[in-house]
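First the structure, in the form of structure tokens, and then the observations on it.
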Amino acid sequence: MRVLVGGGTGFIGTALTQLLKARGHEVTLVSRKPGAGRITWDELATSGLPRCDAAVNLAGENILNPLRRWNEAFQKEVLSSRLETTQMLARAIAKAPQSPQVWVLVTGVAYYQPSLTAEYDEDSPGGDFDFFSNLVTKWEAAARLPGDSTRQVVVRSGVVLGRGGGAIGHMLLPFRLGLGGPIGSGHQFFPWIHIRDLAGILAHALEASHVQGVLNGVAPASSTTNAEFARALGAALGRPALIPLPSTVVQAVFGRERAVMLLEGQKVVPRRTLAAGYQYSFPELAAALKEVIA
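Here the sequence shown stands for residues 1 to 294, where the numbers follow the UniProt record's numbering.
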């Protein structure tokens, strides 16, 4: 297949591109910067969709960048980096003389309301209680295409674990120094997925013609709490993980609204992902962490 990947130069995009090429697909990236095997967003807007069999959008400003203050300007950037790129690709697909077979968007489990008791699958309600859930609703709406000539898939991703990027990047140093521990109470659920499985789910969605609708991009070990995650990461590194990061510190660094993403969590199960026939490489946390820090 010829696959067009928006935002393909990032952490997830790089993993997905490597996997697709290994499976014999041809990949073109949509990126801000021109280069070999790429087109720019401006070119997409002016010249339309290049010939492709499939399109994926992964573009979006990193919400949990600790170097950015959570103010109105950054919130607008977080919104526009997701909605505008998604709308642009959806528009180009709708106008293409030959529409691609499949269109895949990656959003997030922030769609589901944080809870210490609820369990969410792909059919659970959500999407309307705070900035991030509303963002996911608008983002998924921006991707919708009229008609059914193109198969549409949305993957709601959990926290992505992998070498050289993602959430682990910020955590490793304190944990290696023995200063790691749970965030806040540690009781909140921590929906996670190994980068290889997220790329695998996306490739499966592209290749398997029966897959459509929403898939939860989380590992099946959905009952992991933040405290259990901290213990498992400490164990993988051979370090204690006993020093909690107080919620007041998290709120001071990230701002109250954004801190919710770290201090509260959702128990999310990949019911439809498993039913669609995807087989996980890393269903269990210990093995996933071992690979990440190897």
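Every residue gets a Cβ at the ideal spot worked out from N, C-alpha and C, and that includes glycine.
Determine the contact status of residue i and residue j, defining contact as a CB-CB distance below 8 Å.
i: T40; j: A59; result: no
i: A45; j: I93; result: no
i: D53; j: M1; result: yes
i: A208; j: A276; result: yes
i: G10; j: L29; result: no
i: H204; j: F282; result: no
i: V5; j: L16; result: yes
i: W70; j: G255; result: yes
In the DSSP assignment, find the unbroken alpha helix (DSSP H) run with residue i in it and report its ends.
i: Q251; result: S247 to F254
i: R38; result: Where R38 is concerned, there is no enclosing alpha helix (DSSP H), although the beta strand (DSSP E) it sits in stretches over R38 to T40.
i: A167; result: G166 to R176
i: L67; result: Per DSSP, L67 belongs to no alpha helix (DSSP H) and is neither H nor E.
i: R271; result: R271 to A275
Applying the criterion that 16 or more other CB atoms from any shown protein chain within 10 Å of the CB defines a buried residue, is residue i buried or exposed?
i: T117; result: exposed
i: L289; result: buried
i: K267; result: buried
i: T248; result: exposed
i: L242; result: exposed
i: Q98; result: exposed
The beta strand (DSSP E) that contains residue i, what's its start and end?
i: H194; result: W192 to H194
i: W139; result: From DSSP, W139 is part of no beta strand (DSSP E) but of the alpha helix (DSSP H) over F131 to A143.
i: A55; result: A54 to N57
i: Q152; result: R151 to S157
Quick one: grab the DSSP three-state call for residue i.
i: S80; result: helix
i: R231; result: helix
i: K33; result: coil
i: S124; result: coil
i: R23; result: coil
i: I293; result: helix
i: G238; result: coil
i: G162; result: strand
i: V218; result: coil
i: I243; result: coil
Touch test, the segment 142-153 against the segment 99-108, Cβ-Cβ under 8 Å, three pairs minimum: With a cut-off of 8 Å, the segment 99-108 and the segment 142-153 count as touching, because enough Cβ pairs lie within range.
contact_flag[the segment 124-137, the segment 169-181] where n(CB pairs < 8 Å) is 3 or more: Taking one beta carbon from each stretch, the segment 124-137 and the segment 169-181 have fewer than 3 pairs nearer than 8 Å; the two do not touch.
Inter-stretch contact (C-beta, 8 Å, three-pair minimum) for the segment 228-239 and the segment 71-90: By the Cβ rule, the segment 228-239 does not count as touching the segment 71-90, because fewer than three pairs are nearer than 8 Å.
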